[in-house]
DNA sequence: GCCATTACGCTACGGGTCGTAGCGAAAGCT
DNA sequence: AGCTTTCGCTACGACCCGTAGCGTAATGGC
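Quick look at the structure:
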């Protein structure tokens, strides 16, 4: 978050309600206007605050949208469906449902595009959005290894590489399917994807 | 391309040199300024043409950048390295090299972000950029089936689904690796990725 | 209760980009 | 030649950016 009040600070505290209103207004504007036509003036008006209040809390459009989109990813949960295949399918379907929301599509792609020339922004995205998804991969993997569905690795470095690879394959495929190919990541597609991924991962090293 | 002269048209023809200069200037501006700070005024100045000339040929920034980036994808070639694994690795490494160029990174992500709210733009990207990559998948797949490395499919609809899935997995993983995770898609990574993908695809239906 | 400190709403500002219009000159085709 | 289209140039209103300054509101410390 942005407005962390360090407890013992004197003066009037920042309104927590304003934070929530601004982030909600940002998502609303993303739905109606998209990334490029979204203006901070418009967000401020929707949220019922002054434009200057926005600039006191966020450095600019990029940072604001990252925070607004990051909240959406709080909904992601790792289901315990009994098998690794079912777990993957569940997570992928949740992720696909998120990417189906227009505020998520345009917001995420907008900030990712900006992050190609803004390292601090990329780091902010990583912490607020990417790591939150990656944790699901780590947990799901641990469960699957406990069940014996995946071969365990001795080398922790090898484990990190495999987790990274798995994550890039899952998230990348879903994003590419929905945003570039422009087709829905529905159950049929997810089943086919999970099958291919699982066969590749389950093979011994 | 944009300025297609229908041959028998009277009047002064559009300068082909200007087209090339504008597209090159667009890529140059993408490198130095990135997607959001790129202005058509700046591109026009770099190309040595008037701003109005730009607006006569392209509807706006989105369309211009799509054309400028699409030219980069002409370089993609399907190597004949003897095995499917080597072919995939070759293509993926080429794709990774493209995404390593800043004009490709910011330009591509920028227009993809806009395309989430602009169906005609998405179609333009599909025709100019996506289909050009997808053809490599189709060709490589045909070769591999001729070599017996991949199981052939009787159902043409099933074939289309598999090609789509393969393409989304390859392109998606590379894009996510380089642009979201922010790590290089080097030979080590490509080898690991190809291994997982191939095991999943080679398995019988 | 008083005071220092901070947040807030409001207004205004210079600087920049957008997309378009209008003009005269240049460059082709028949 | 004459017609047609492009091109460079200038100018324009509209909009957004990001900041500054002001008076007011809401806290915590004493």
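Chains as they are written, first to last, in the numbering used here: chain H, 36 to 240; chain G, 36 to 240.
Glycine included, each C-beta is placed from N, C-alpha and C at the ideal position.
Point to revise | Top-ranked residue by Cα proximity to residue 216 of chain H, from G/190, G/109, G/156, G/75 | key: Of the residues G/190, G/109, G/156, G/75, the one whose Cα lies closest to the Cα of residue 216 of chain H is G/156.
> Would DSSP call residue 137 of chain H helix, strand or coil?
Replying inline: Helix at residue 137 of chain H.
Taking Cβ-Cβ distances shorter than 9 Å, what residues in chain H pair up with residue 196 of chain G?
223, 224, 227, listed in chain order.
Who are the Cβ neighbours of residue 220 of chain H in its own chain at under 6 Å, not counting the five residues just before and after it?
Cβ contact annotation for residue 220 of chain H (same chain, cutoff 6 Å, sequence separation greater than five): 131, 209, 212, 213, in chain order.
ask   = Listing by chain order, which chain G residues have their CB less than 9 Å from the CB of residue 232 of chain H?
value = Residue 232 of chain H reaches chain G at 204, 231, 232, 235, counting residues in chain order whose Cβ is nearer than 9 Å.
With a cut-off of 8 Å on the beta carbons, I'd call residue 84 of chain H and residue 57 of chain H a contact; round off their distance for me. The Cβ separation is near 6 Å, so the contact holds.
Does the structure place the segment 98-109 of chain H close enough to the segment 190-206 of chain H that three or more beta carbon pairs sit under 8 Å? Not touching, per the Cβ criterion.
* the segment 148-162 of chain G: positions lying closer than 9 Å to chain H by Cβ -> Correct list: 148, 149, 150, 151, 152, 153, 154, 157, 158, 160, 161.
- Along the chain, where does the alpha helix (DSSP H) that runs through residue 88 of chain H open and close? Residue 88 of chain H -> alpha helix (DSSP H) spans 86-92.
Taking CB distances under 8 Å as the criterion, tell me whether residue 212 of chain H reaches chain G. Interface residue, yes.
(request) Anything in chain G within Cβ reach of residue 107 of chain H, meaning under 7 Å, just list it in chain order. (result) Chain G residues near residue 107 of chain H: none, gap ~15 Å exceeds 7 Å.
For chain G, find out if any of its Cβ atoms is closer than 8 Å to the Cβ of residue 102 of chain H; answer yes or no. Judged by the 8 Å Cβ criterion, residue 102 of chain H is not in contact with chain G.
8 Å Cβ cutoff, residue 48 of chain H in contact with chain G | Not one chain G Cβ lies under 8 Å of residue 48 of chain H.
task: Determine the extent of the alpha helix (DSSP H) in which residue 108 of chain H is found, giving its start and end residues.
output: In the DSSP assignment, residue 108 of chain H falls outside any alpha helix (DSSP H) and carries neither an H nor an E.
Under the three-state reduction of DSSP, which class applies to residue 203 of chain G: helix, strand or coil?
If DSSP states are grouped into helix, strand and coil, residue 203 of chain G belongs with the helices.
Self-check item: Assigned secondary structure, residue 74 of chain H (DSSP; H/G/I helix, E/B strand, else coil)
Solution: In the structure shown, residue 74 of chain H sits in coil (DSSP, three-state: anything other than H, G, I, E or B).
*Is residue 95 of chain G close to chain H, meaning its C-beta is less than 8 Å from at least one C-beta of that chain?*
So no, residue 95 of chain G is outside the interface.
Margin query: Helix, strand or coil, according to DSSP, for residue 48 of chain H in the structure here?
Written below: Secondary structure at residue 48 of chain H: coil, using DSSP grouped into helix, strand and coil.
**Request:** Quick one: list the residues of chain G neighbouring residue 199 of chain H, beta-carbon separation under 7 Å, in chain order.
**Result:** What residue 199 of chain H touches in chain G, judged by beta-carbon distance under 7 Å, is 216, going in chain order.
Quiz item: Taking 8 Å as the CB-CB limit, is residue 238 of chain G close to chain H?
Solution: True, the Cβ-Cβ gap to chain H drops below 8 Å.
task = Output yes or no for whether 8 Å exceeds the beta carbon distance between residue 196 of chain G and residue 98 of chain G.
result = Taking 8 Å as the Cβ cut-off, residue 196 of chain G and residue 98 of chain G do not qualify as a contacting pair.
Notebook entry, point to check: On the three-state DSSP scale, how would you describe residue 151 of chain G?
Noted result: Coil, per DSSP.
Taking residue 223 of chain H as the reference, which of H/193, H/138, H/125, H/186 has the closest Cα? The closest CA to that of residue 223 of chain H, considering only H/193, H/138, H/125, H/186, is found on H/125.
TODO: May I ask you to verify whether the segment 58-67 of chain H touches the segment 137-145 of chain H, counting CB pairs closer than 8 Å and requiring at least 3?
DONE: Enough Cβ pairs lie closer than 8 Å, so yes.
**Asked** At what residues does the alpha helix (DSSP H) containing residue 175 of chain G begin and finish?
**Response** Where residue 175 of chain G is concerned, the enclosing alpha helix (DSSP H) starts and stops at 166-182.
Worksheet item: Is DSSP giving residue 190 of chain H helix, strand or coil here?
Response: The answer is coil: DSSP assigns residue 190 of chain H none of H, G, I, E or B.
Does the separation of the CB atoms of residue 73 of chain H and residue 86 of chain H fall below 8 Å?
In this structure, residue 86 of chain H does not lie closer than 8 Å to residue 73 of chain H by Cβ.
| query | How close, in whole Å, do the beta carbons of residue 171 of chain H and residue 236 of chain H come, if the pair is a contact with beta carbons under 8 Å? | reply | Cβ-Cβ separation between residue 171 of chain H and residue 236 of chain H: approximately 15 Å, too far for a contact (criterion under 8 Å).
For residue 79 of chain H and residue 200 of chain H, I'd like the C-alpha separation in whole angstroms. Between residue 79 of chain H and residue 200 of chain H, the alpha-carbon positions lie close to 40 Å from each other.
Between the segment 64-79 of chain H and chain G, which residues of the former have a C-beta closer than 9 Å to a C-beta of the latter?
-> Flagged, chain order: 68, 69, 70, 71, 72.
Practice item. Give the secondary structure of residue 218 of chain H by DSSP, where H, G and I count as helix, E and B as strand, and everything else as coil. Key: Residue 218 of chain H: coil per DSSP, three-state reduction.
| Hey, residue 179 of chain G and residue 145 of chain H: beta-carbon distance below 8 Å or not? | Contact: no.
Does the beta-carbon of residue 176 of chain H have 16 or more other beta-carbons within 10 angstroms, so that it is buried, or is it exposed?
Classification for residue 176 of chain H: buried.
Name the chain H residues that come within less than 9 Å of residue 140 of chain G, Cβ to Cβ?
At a beta-carbon threshold of 9 Å, the residues of chain H lying near residue 140 of chain G are 148, 151, 152, ordered along the chain.
Measuring alpha carbon to alpha carbon, tell me which of H/231, H/88, H/173 ends up nearest residue 194 of chain H.
Among H/231, H/88, H/173, the Cα nearest to that of residue 194 of chain H is on H/173.
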